[in-house]
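> Taking my numbering, the leading residue of the sequence shown gets 8, the next gets one more, and so forth. By construction, the Cβ of each residue, glycine as well, lies at the ideal position given by its N, Cα and C atoms. Just so you know, these numbers come straight off a predicted model, no measurement behind them. First, the structure itself, so that you have it in front of you.
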Amino acid sequence: TLIVLVNIGFEPEFFLQGLRIQSVSKAVPAGFIIGTLFYYVFFILMFNLLYQISKKIGPGILLSSIFGKYHQPRDEKLIFMFLDLKNSTGIAEKLEHKKYSLFIKDCFSFLTNPIYNCGADVYQYVGDEAVLVWPLKKGIKNLNCFRLFFEYKKVLEKKHDYFMEKYGIFPEFKAGLDFGEVTVTEVGEIRRDLAFHGDVLNTAARLEKLCKSLGKDLLITGYLEAEIENLDGYSKEFMEEMKPEGKDQSIKVYAIEKQDSL
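Here it is as structure tokens:
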């Protein structure tokens, strides 16, 4: 069998000299051909299944689920970003629901490369909002948690003509970032999912809403600001102290801007 396969690969003139399919089928057992076919079909189907699951829940979450990392609640220090479309209500009214859905789909499809480039994981998409997460070290490395926002903004700017031609509207986003300890665990029986519990999520979500009133696109808490030693390429501006509902301690809020390169 091996000799026949080698001849097929390296001596194509073998066929041109009159060798028929029947002679090859006699040399290579039918069971070998069928078995090989089923092997590759099975492999392709399994690979595609894992790929689709990975796309559905995220590659990092998939591996954690397979190895049972979050079967029991565990505490982790994470950075959360709440990324939200500006003027979403007005855009939805103008485009109506079906075209608005396509608009949001396009917006988040262009978020893919910044997510991969900046090492983020997607916690969830909620309507016109994406919730992204990093472990602390990965988030502050190369300032990934800032870089993602401005890289995404740049990607959208390059697609300005595309959005204007297709929808007549150009999307702009705002974001809130916070860092702290959260509890992570798997929840659900019919559909398994990861759940994050902690004040960090509430604070990041509130910062994202605060962007509008403060006239800023990216806000972070003092907790995250304290973890970043060097703001190389970025500038920060103290905005105010925010007191979350039910909390005694106020939180410092900073706006982050990207400095123009010389």
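Please state whether the Cβ-Cβ distance between L118 and Y159 is less than 7 angstroms.
Contact flag set, yes.
> According to the neighbour-count rule (16 or more other Cβ atoms, all chains shown, within 10 Å of its Cβ), is G146 buried or exposed?
Burial call: buried.
> Count the other C-beta atoms from every protein chain shown that fall within 10 angstroms of the C-beta of Q256, then say buried if there are 16 or more, exposed otherwise.
The residue is exposed, with fewer than 16 neighbouring Cβ atoms inside 10 Å.
> Enumerate in chain order the residues of its own chain whose CB-to-CB distance from P80 is below 6 angstroms, with the five nearest sequence positions on each side excluded.
So the list reads T190 and T192, once near-sequence residues are dropped.
> Under 8 angstroms, with one C-beta from each stretch per pair, do the stretch 179-190 and the stretch 199-215 reach the 3-pair mark?
Enough Cβ pairs lie closer than 8 angstroms, so yes.
> Would DSSP call P142 helix, strand or coil?
Three-state result, P142: strand.
> Residues bridged to L238 by DSSP?
L238 pairs with nothing; no bridge assigned.
> Relative to the alpha-carbon of K219, which residue among K181, E247 and K250 has its alpha-carbon at the smallest distance?
Answer by Cα proximity: K181.
> Can you grab the Cα-Cα spacing for the pair K265 / S242, in whole Å?
So the two alpha carbons sit approximately 6 angstroms from each other.
> For the alpha helix (DSSP H) holding Y123, just list the boundary residues, first then last.
Segment T119 to N124, the alpha helix (DSSP H) holding Y123.
> Taking the alpha helix (DSSP H) that K216 belongs to, which residues open and close that run?
K216 -> alpha helix (DSSP H) spans D206 to L221.
> Distance, Cα to Cα, Q131 vs G38?
Distance between the alpha carbons of Q131 and G38: 47 angstroms.
> Using beta-carbon positions only, say whether L143 and K84 come within less than 7 angstroms of one another.
In contact: L143 and K84 (Cβ atoms closer than 7 angstroms).
> Give me, in chain order, the residues of the same chain whose beta-carbon lies closer than 8 angstroms to that of D267; leave out the 5 immediate sequence neighbours on both sides.
So no residue of the chain qualifies.
> Give the straight-line distance between the Cα atoms of F157 and I40, rounded to the nearest whole angstrom.
Each residue's Cα considered, the two are about 53 angstroms apart.
> According to DSSP, simplified to helix, strand and coil, what is G229?
The answer is helix: DSSP assigns G229 an H, G or I state.
> Which residue marks the beginning of the beta strand (DSSP E) containing D185, and which one marks its end?
Counting along the chain, the beta strand (DSSP E) containing D185 begins and ends at F180 to V194.
> Checking 7 angstroms against the spacing of the C-beta atoms, do L92 and P178 come in under that value?
Yes, these two residues count as a Cβ contact at 7 angstroms.
> Report the partner residues of R154 according to the DSSP bridge assignment.
In the DSSP output, where bridge partners are listed per residue, R154 has none listed.
> To the nearest whole angstrom, what separates the beta carbons of G229 and I263, a pair I think is in contact under 8 angstroms?
That belief does not hold up - the Cβ atoms of G229 and I263 are roughly 13 angstroms apart, past 8 angstroms.
> Can you name the residues that DSSP bridges to L201?
Per DSSP, E193.
> At the level of alpha carbons, what is the spacing between G205 and S95?
Roughly 27 angstroms between the two C-alpha positions.
> Verify whether the separation of the beta carbon atoms of L155 and A137 is less than 7 angstroms.
Taking 7 angstroms as the Cβ cut-off, L155 and A137 do not qualify as a contacting pair.
> Under the DSSP definition of a beta bridge, which residues are partnered with A137?
A137 pairs with L90 and Y132.
> Return the CA-CA distance between M249 and L217, expressed in angstroms with no decimal places.
Roughly 10 angstroms separates the two Cα atoms.
> With distances taken from CA atoms, which of Y46, E252 and E234 is nearest N149?
The shortest C-alpha separation from N149 is found at E234.
> Indicate whether L225 and V260 have their beta-carbon atoms separated by less than 7 angstroms.
It is not a contact, given that the beta carbons lie outside the stated cut-off.
> Where does A99 sit, in a helix, a strand or coil, going by DSSP?
Helix.
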